[in-house]
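Encoded as structure tokens, the structure appears first; notes follow it.
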Amino acid sequence: MTLPRFYPIFDSADWIARALPLGVKLVQIRAKDLPEAQLREELIRSRDLCRQHGATLVVNDYWQLAIELGCDFIHLGQEDLDSADIPAIRKAGIRLGVSTHDHAELDRAMALAPDYVALGPVWPTILKKMKWEQQGLERVTEWRKLVGTTPLVAIGGVTPDRAREAFAAGADIASAVTDITLNADPEGRIREWLQVTA
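In terms of full-length UniProt numbering, the sequence shown opens at residue 1 and continues consecutively.
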């Protein structure tokens, strides 16, 4: 399956409900620090919204809930891999995306035959403090060679203009978080993204 080239990440089903009617077809729910009952509600609503709109939902981190709720895609960071039951995820028929930042992490990710590999932050990001300040486009090109046909996601400081550069460097998919959620006109920004990644 070919994944859409635009991959926004949101922290709530409310954001997903705003994005899907505009034509977004691949979206991640990254809800952190919620009580379990609220988290479950967010995931169920996000799952149902994506099904209604023919979009793919990627659940960040909560692989047990994703299996239980019949979701079909999980994203795991390197720390998440330490405790995740990969055979159980695969047995459930769930696809897997993995974050990478250096060669050791990439080797670990590729050993799992992931459905995509994410590289970041390509540009400086305000989303979270990381020991990797900026990977740069050269690293995108290097990762492109190393991952072969595995889809490559560029994340971190990506804007619509930078997405073009990331694609030229070898990325298949561009991911955005704050470029949308902190924009004065999020819907307008999403439309801009969809034009660039069409």
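Using N, Cα and C, we set each Cβ at its ideal position, and we do this for glycine too.
When you compare only the Cα positions, how much space is there between V177 and P8?
One C-alpha to the other measures close to 6 Å.
Per DSSP, A176 forms a beta bridge with which residues?
BP columns for A176 point to P8.
So, helix, strand or coil for L57, using DSSP?
If DSSP states are grouped into helix, strand and coil, L57 belongs with the strands.
Can you tell me which of the three DSSP states H75 falls into?
Looking at H75 - three-state DSSP - the assignment turns out to be strand.
Using a threshold of 8 Å, state whether the C-beta atoms of S175 and A109 are closer than that.
Against a cut-off of 8 Å, the Cβ pair of A109 and S175 comes out as no contact.
Based on Cα-Cα distance, which residue from A184, E105, G93, A163 lies nearest to A198?
Here the closest residue by C-alpha is A163.
Measure how close the beta-carbons of L43 and L65 come, nearest whole angstrom, since I'm counting them as under 8 Å.
6 Å between Cβ atoms; contact.
Checking 8 Å against the spacing of the C-beta atoms, do P121 and G97 come in under that value?
Their beta carbons are not under 8 Å apart, which means P121 does not touch G97 by this criterion.
How many angstroms separate the CA atom of I173 from the CA atom of F167?
Approximately 7 Å, taken between the alpha carbons.
Apart from the five residues on each side of it in sequence, which residues of its chain come closer than 6 Å, Cβ to Cβ, to S46?
A13, I16, I29, L57, listed in sequence order.
Can you give the beta carbon distance from Y62 to L76, rounded, assuming they're within the 8 Å contact cut?
The pair is not a contact, with the Cβ atoms about 10 Å apart (cut-off 8 Å).
Would you mind reading off the limits of the beta strand (DSSP E) that contains I89?
Segment 86–91 is the alpha helix (DSSP H) holding I89; no beta strand (DSSP E) there.
Rounded to whole angstroms, what is the Cα-Cα separation between G156 and V196?
Taking the straight line from one Cα to the other gives about 17 Å.
Can you tell me the Cβ-Cβ gap for A169 and T141, rounded? I've got them flagged as a contact below 8 Å.
Their Cβ separation, rounded to whole angstroms, is 5 Å, which keeps A169 and T141 in contact under 8 Å.
Can you list, in chain order, the residues of its chain with a C-beta nearer than 7 Å to that of R191? Leave out the 5 residues immediately preceding and following it.
For R191, where only same-chain residues beyond five positions count, the Cβ hits under 7 Å are L22.
Check R45 in the structure and name its three-state DSSP category.
Here R45 sits in helix by DSSP.
Is the distance from the Cβ of A37 to the Cβ of D11 below 8 Å?
No, Cβ-Cβ distance for A37 and D11 is not below 8 Å.
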